[in-house]
Amino acid sequence: MVFRISIALIIALVLIAGLAPGPFNDVIQSGLGHIIRSTGWLYLLVVFITLSFLMYLAFGRLGSLRIGGEDAEPDFSNASWMSMLFAAGMGIGLVFWGAAEPISHFVKPPEGLAPQSMEAARASMRYAFFHWGLHPWAIYALIGLAMAWFQFNRNGRGLISDLLQPIIGAHHRGWMGTVVNVAAVVATAIGVSTTLGFGTIQIAAGLHRVFGIRDSIPVQLTVIAVAFVLYMASTTSGVNRGIKWLSNFNLGLAAVLLALVMVLGPTGFIFDTFTTTIGSYLNSLVTMSLRMSPFSGSTWVADWTIFYWAWWIAWAPFVGSFIARVSRGRSIREFVLGVVIAPSVLGFLWFSVFGGTALWSQIFGHVDLAQALGNGYETVLFTMFDSLPMPMVLSVIALVLLMIFFVTSADSAVLVLATMSTEEAGDPPLARRMVWGVAIALIAGVLLLAGGLTALQGMITIAALPFALLMLLVMWSLYRVLDMEYALQRRRAQRARRMMDAWIEREIAAQEETRDEAARAP
941 MVFRISIALI
951 IALVLIAGLA
961 PGPFNDVIQS
971 GLGHIIRSTG
981 WLYLLVVFIT
991 LSFLMYLAFG
1001 RLGSLRIGGE
1011 DAEPDFSNAS
1021 WMSMLFAAGM
1031 GIGLVFWGAA
1041 EPISHFVKPP
1051 EGLAPQSMEA
1061 ARASMRYAFF
1071 HWGLHPWAIY
1081 ALIGLAMAWF
1091 QFNRNGRGLI
1101 SDLLQPIIGA
1111 HHRGWMGTVV
1121 NVAAVVATAI
1131 GVSTTLGFGT
1141 IQIAAGLHRV
1151 FGIRDSIPVQ
1161 LTVIAVAFVL
1171 YMASTTSGVN
1181 RGIKWLSNFN
1191 LGLAAVLLAL
1201 VMVLGPTGFI
1211 FDTFTTTIGS
1221 YLNSLVTMSL
1231 RMSPFSGSTW
1241 VADWTIFYWA
1251 WWIAWAPFVG
1261 SFIARVSRGR
1271 SIREFVLGVV
1281 IAPSVLGFLW
1291 FSVFGGTALW
1301 SQIFGHVDLA
1311 QALGNGYETV
1321 LFTMFDSLPM
1331 PMVLSVIALV
1341 LLMIFFVTSA
1351 DSAVLVLATM
1361 STEEAGDPPL
1371 ARRMVWGVAI
1381 ALIAGVLLLA
1391 GGLTALQGMI
1401 TIAALPFALL
1411 MLLVMWSLYR
1421 VLDMEYALQR
1431 RRAQRARRMM
1441 DAWIEREIAA
1451 QEETRDEAAR
1461 AP
């Protein structure tokens, strides 16, 4: 039922967006403005609570509990695990926004700072760290940990509704659970398709820059078609082969591009930016986490921070499901550090290299990236490459990286969507994965034809509001089951110690009796 209802809703939404994109966009933008004005603070508060809750789990008494049971072993090496997390969580986004976001904040800065000033430059990097650091990964980690625990420790089905079982009881398999699962599937499908649409736009822009191929709708549809063939070939091979191999290769390729830009760009400036921004980010973490602008009336927080938080929340069922799928055997402490801290540090390094190079080029290198920004966010990265040695090599690597990130994100999404729309636990059937693979390609293609990506971004932000409230329930539910498991393990350990103490006492008594008998012997 979840599968049938989800597919029907997605078809209806795509038809509306395709046949009447203007009125559809007007309705969505009106609803979006109302939600941000009235409940924008809620997004900030929920995400901050989520990060605090995960830090408590990692460094508190529950951190030693293990996903899959006390004797479970990880299914993947640390390197493969990290590469899959990185590729599924933020791959295309980091490439798309790595240079563009700091330049955008530099031109239109937060906190009422003067545009294109040194204070704006520092704030642009700090907020790039903020938007792509601990908070989004905490959102992913909460849903991922909850899904992994209920799936591997409580024999769940890998569905979002299972996370509410300690609160709503058997209703998680009834109509309430169906509503939750359908909402998660629809939000995931549209969110993934919208992001893949952005990836398509930048790949097409890169093809124009590198090969002179004119950026057009046919070219964008061709990119989607090629990616479709690749990610369907990958998804049929399973997680242990296709997704794992592509993720490992992509992480290596991303490291190569990162190293090249670091060496060819202003290396010293990059590391100065990295250390300075980390200090500024940590010093202002709480302030940025809860900052609204009720007195100035500025829309910057709504345009960037609230939009990002809503976007990550809407993506959480997808990324969280995939993280759960590959994280069996990890302790809670290891899981949180691996999913929240490690990818955040990689993201900080990425933005220091690409954002730092972009700002250096704009401020000291006499390259007008602000003008490139006016031509579209997707043009900033390739314009920055033109200011470095070997621009063609860098552009080709970025293109390949974008395409593989496209494939791994879609591949992961197909697996997750098929799992979330299947009642039975375990790997979903191949036929269902094929249906979702076709659906993602069709949604991305129709939206590009209809120009509906902006409207669906707004719809994702609206859809994230109930998921923000759901995250509070998930935290409550997860804490209850973890606390019960901790108490159970303590009782088992105490029982084992009592049995061991009793055995030791019997052994000592037996030895003493043996010595007494030996002493009494003639």
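Using our numbering, the letters of the sequence shown correspond one by one to residues 941 to 1462.
Ideal Cβ positions, reconstructed from N, Cα and C, are used throughout, including at glycine.
| message | Any beta carbon of chain C sitting closer than 8 angstroms to that of Arg1231? | response | No chain C appears in the structure shown, which is made up of a single protein chain.
| Proximity to Asp1015 [Cα-Cα], best of Phe1092, Thr1140, Tyr1221 and Thr990 | That would be Phe1092, whose Cα lies nearest to the Cα of Asp1015.
| query | What does Ser1489 pair with, by DSSP beta-bridge criteria? | reply | Nothing about residue 1489 can be reported from this structure: the residues present for the chain run from 941 to 1462 only.
| field | Selection from Phe1304, Val987, Met941 and Lys1048 that minimises the alpha carbon distance to Pro926 | value | The structure shown does not extend to residue 926, since the chain spans only 941 to 1462, so no value can be given for it.
| query | Thinking C-alpha only, which one of Phe1291, Tyr1419, Ser1301 and Ser1271 is nearest Asp1326? | reply | Cα-wise, what sits closest to Asp1326 is Ser1301.
| field | DSSP three-state assignment for Glu1363, whether helix, strand or coil | value | DSSP places Glu1363 in coil when its eight states are reduced to three.
| query | Relative to the C-alpha of Asn1223, which residue among Tyr1067, Arg1372, Val1159 and Phe1345 is closest? | reply | Closest in alpha carbon position to Asn1223, among Tyr1067, Arg1372, Val1159 and Phe1345, is Tyr1067.
| query | Since Phe1214 and Phe1288 are thought to touch, with beta carbons under 8 angstroms apart, how far apart are those beta carbons, to the nearest angstrom? | reply | 7 angstroms between Cβ atoms; contact.
| In the structure shown, what three-state DSSP assignment does Gln1056 receive? | If DSSP states are grouped into helix, strand and coil, Gln1056 belongs with coil.
| task | Report yes if the C-beta distance between Gly1038 and Phe1291 is below 8 angstroms; otherwise report no. | result | Cβ distance < 8 angstroms, so Gly1038 and Phe1291 count as in contact.
| field | Closest Cα partner of Arg1373 within the set Val1320, Phe1070 and Leu1355 | value | For the residues Val1320, Phe1070 and Leu1355, the minimum Cα distance to Arg1373 belongs to Leu1355.
| task | Look up Glu1457 in the DSSP assignment and say whether it is helix, strand or coil. | result | Glu1457 falls in the helix class under three-state DSSP.
| said: My assumption, with CB atoms under 8 angstroms, is that Tyr1080 sits in contact with Gly1260. Please give the rounded CB distance. | reply: Beta-carbon to beta-carbon, Tyr1080 and Gly1260 are separated by about 6 angstroms, close enough to satisfy the 8 angstroms threshold.
| request: Under 8 angstroms by Cβ, that's how I've got Ala1298 and Ile1043 pegged, so tell me the actual separation to the nearest angstrom. | output: The Cβ separation is near 5 angstroms, so the contact holds.
| query | Looking at C-alpha atoms only, which residue of Val1386, Met995, Ala1173 and Asn1190 is the closest neighbour of Ala1019? | reply | Answer by Cα proximity: Asn1190.
| First through last residue of the alpha helix (DSSP H) which encompasses Met941 | Bounds of any alpha helix (DSSP H) do not take in Met941, whose DSSP letter is neither H nor E.
| query | Which residues mark the beginning and the end of the alpha helix (DSSP H) in which Ile1211 is found? | reply | Before going on, a small fix: residue 1211 reads as Phe here, not Ile. Taken as a continuous stretch (DSSP letters only), the alpha helix (DSSP H) holding Phe1211 covers Thr1207 to Asn1223.
| task | Just tell me which of Phe1262, Ile1007, Ser1101 and Val1122 has its CA closest to the CA of His1112. | result | Just measuring C-alpha positions, the residue of Phe1262, Ile1007, Ser1101 and Val1122 sitting nearest His1112 is Ser1101.
| message | Let me check understanding here. Comparing Cα to Cα, which of Thr1319, Arg1062 and Pro1369 lies closest to Ile1218? | response | The option with the nearest alpha carbon to Ile1218 is Arg1062.
| query | Would DSSP call Pro1076 helix, strand or coil? | reply | DSSP, reduced to helix, strand and coil, places Pro1076 within a helical segment of the structure shown.
| Alpha carbon to alpha carbon, what distance is there between Ala1127 and Gly973? | Their backbone Cα atoms lie some 19 angstroms apart in a straight line.
| task | Quick one: residues in its chain with C-beta nearer than 8 angstroms to the C-beta of Leu1082, no 5 flanking neighbours on either side, listed in chain order? | result | Only Thr990, Phe993, Leu994, Ala1256, Gly1260, Met1411, Val1414, Met1415 and Leu1418 meet the Cβ criterion.
| message | Ile1402 and Ile975 - do their beta-carbons sit closer together than 8 angstroms? | response | Yes. Within cutoff.
| task | Report, in whole angstroms, the separation of the C-beta atoms of Phe1069 and Tyr1171, which I expect to be a contact under 8 angstroms. | result | Contact flag wrong, Cβ pair sits at about 30 angstroms.
| Which residues bound the alpha helix (DSSP H) around Val1266? | Counting along the chain, Val1266 sits inside no alpha helix (DSSP H), nor does DSSP assign it H or E at all.
| request: Closer than 7 angstroms by C-beta to Leu1341: which residues in its own chain qualify, once you throw out the five before and the five after it? Chain order, please. | output: Here the set comprises Val1035, Asn1190, Leu1193, Ala1194 and Leu1197.
| said: So, under 8 angstroms CB-CB, Ile1380 and Ala1350 are touching, yes? Tell me the CB distance rounded to an integer number of Å. | reply: The Cβ separation is near 6 angstroms, so the contact holds.
| query | With respect to the alpha helix (DSSP H) encompassing His1148, which residues constitute its N-terminal and C-terminal limits? | reply | Per DSSP, His1148 belongs to the alpha helix (DSSP H) from Trp1115 to Phe1151.
| said: Let me check understanding here. Comparing Cα to Cα, which of Glu1051, Ala1144 and Trp1376 lies closest to Phe1235? | reply: From the listed residues Glu1051, Ala1144 and Trp1376, the smallest Cα separation to Phe1235 is found for Glu1051.
| What separation, rounded to the nearest whole angstrom, lies between the Cα atoms of Ile1007 and Gln969? | Inter-residue distance for Ile1007 and Gln969 is about 41 angstroms (C-alpha atoms, whole angstroms).
| task | Kindly indicate which three-state DSSP category Met1172 falls into: helix, strand or coil? | result | In the structure shown, Met1172 sits in a helix (DSSP, three-state: H, G or I).
| Can you tell which of Val1266, Ala948, Val954 and Leu982 has the C-alpha that lies nearest to the C-alpha of Arg1231? | Taking only the C-alpha atoms, the option nearest Arg1231 is Leu982.
| said: In whole angstroms, give me the CA-to-CA distance for Trp1089 and Ser1004. | reply: C-alpha separation (whole angstroms): 13 angstroms.
| Nearest-angstrom Cα separation, counted from Trp1240 out to Ile1246 | For Ile1246 and Trp1240, the distance between alpha carbons rounds to 9 angstroms.
| message | Quick check on Leu1099: does DSSP put it in helix, strand or coil? | response | The answer is coil: DSSP assigns Leu1099 none of H, G, I, E or B.
| Mapping DSSP to helix, strand and coil, what is Glu1051? | Coil.
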